[in-house]
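Quick note on our numbering: the sequence shown kicks off at 1 and runs consecutively. Below is one structure, written out as structure tokens; comments come after it.
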Amino acid sequence: MLSLFLITVFLIISLVHCYWALGGTVGMGAAVPEVDGKPLFQPTRGGTFAVAGVLALSALAVALHGHLTRFWQMETVRWGLLALAAALLLRGIGEFRYVGLFKSVRDSRFARNDTRFYSPLCLLLGSLLLILAW
1 MLSLFLITVF LIISLVHCYW ALGGTVGMGA AVPEVDGKPL FQPTRGGTFA VAGVLALSAL
61 AVALHGHLTR FWQMETVRWG LLALAAALLL RGIGEFRYVG LFKSVRDSRF ARNDTRFYSP
121 LCLLLGSLLL ILAW
């Protein structure tokens, strides 16, 4: 059940990024940190597709976990899951300015959503990946 939950979440978020990369705009205004009402950066189509690809590969890694017969393959997937867990946990904690639970800029739509949804989700996913990979 844990694997199925992780796979589902990673694929849904991947599909949302694909939607944005293909020109979709719903939710985009709340997906990028802002400073003085202006986006901190403008996501590129390629960058957004890359994020979607990493999320889809994350779902694949979770799906493969436990289904490989060779030890080296299993260890490779396990280390990949641990690296992904570390990245998600670090994202959830943040860089202390624009993203994460300890950010200092808190007065934008992104910041409110990051505090309520994005960072807790990253911490949850990272923790669950640690449990799965352990």
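We put the CB at the ideal spot given by N, CA and C, even for glycine. Model, not experiment: these values are computed from the prediction.
Inter-residue spacing [alpha-carbon to alpha-carbon] between residue i and residue j
{"i": "Glu34", "j": "Gly27", "result": "14 Å"}
{"i": "Arg109", "j": "Leu121", "result": "17 Å"}
{"i": "Trp79", "j": "Phe96", "result": "27 Å"}
{"i": "Arg106", "j": "His17", "result": "24 Å"}
{"i": "Leu88", "j": "Leu101", "result": "12 Å"}
{"i": "Pro39", "j": "Met1", "result": "38 Å"}
Own chain partners of residue i with C-beta closer than 8 Å, once the 5 adjacent residues on each side are dropped
{"i": "Val99", "result": "Pro33, Arg91, Asp114, Tyr118, Ser119"}
{"i": "Leu15", "result": "Ala52"}
{"i": "Leu123", "result": "Leu88, Leu89, Gly92, Ile93, Leu101"}
Cβ of residue i within 8 Å of any chain D Cβ
{"i": "Thr76", "result": "The structure shown contains no chain D; it holds only a single protein chain."}
Nearest-angstrom Cβ-Cβ length linking residue i and residue j, presumed shorter than 8 Å
{"i": "Ala133", "j": "Leu64", "result": "The Cβ separation is near 12 Å, so there is no contact."}
{"i": "Val62", "j": "Ile7", "result": "5 Å"}
Residue of the options minimising C-alpha distance to residue i
{"i": "Ser58", "options": "Leu4, Phe10, Leu2", "result": "Phe10"}
{"i": "Ser127", "options": "Ala86, Lys38, Gly94, Ser104", "result": "Ala86"}
{"i": "Asp36", "options": "Leu124, Ile131, Ala111, Arg116", "result": "Ala111"}
{"i": "Gly44", "options": "Ser3, Trp20, Leu101, Ile131", "result": "Before going on, a small fix: residue 44 reads as Thr here, not Gly. The residue with the shortest Cα to Cα distance from Thr44 is Trp20."}
{"i": "Ser3", "options": "Leu123, Lys103, Leu60", "result": "Leu60"}
{"i": "Gly46", "options": "Gly23, Lys38, Pro39", "result": "Gly23"}
{"i": "Ala31", "options": "Leu84, His67, Thr76, Arg116", "result": "Arg116"}
{"i": "Ala83", "options": "Leu125, His67, Ala50, Thr25", "result": "Leu125"}
Sequence-distant residues of the same chain with beta carbon closer than 6 Å to residue i, five excluded per side
{"i": "Ser104", "result": "Arg97"}
Contact set for residue i: own chain, Cβ-Cβ below 7 Å, skip 5 residues either direction
{"i": "Gly94", "result": "Gly100, Leu101, Phe102, Lys103, Ser119"}
Inset, instruction - List in chain order: all unbroken alpha helix (DSSP H) runs of 4+ residues lying wholly within the region 103-129. - result: 109-113
Inset, instruction - With a floor of 4 residues, list each alpha helix (DSSP H) that falls wholly inside the region 21-69, ordered by position along the chain. - result: 45-64
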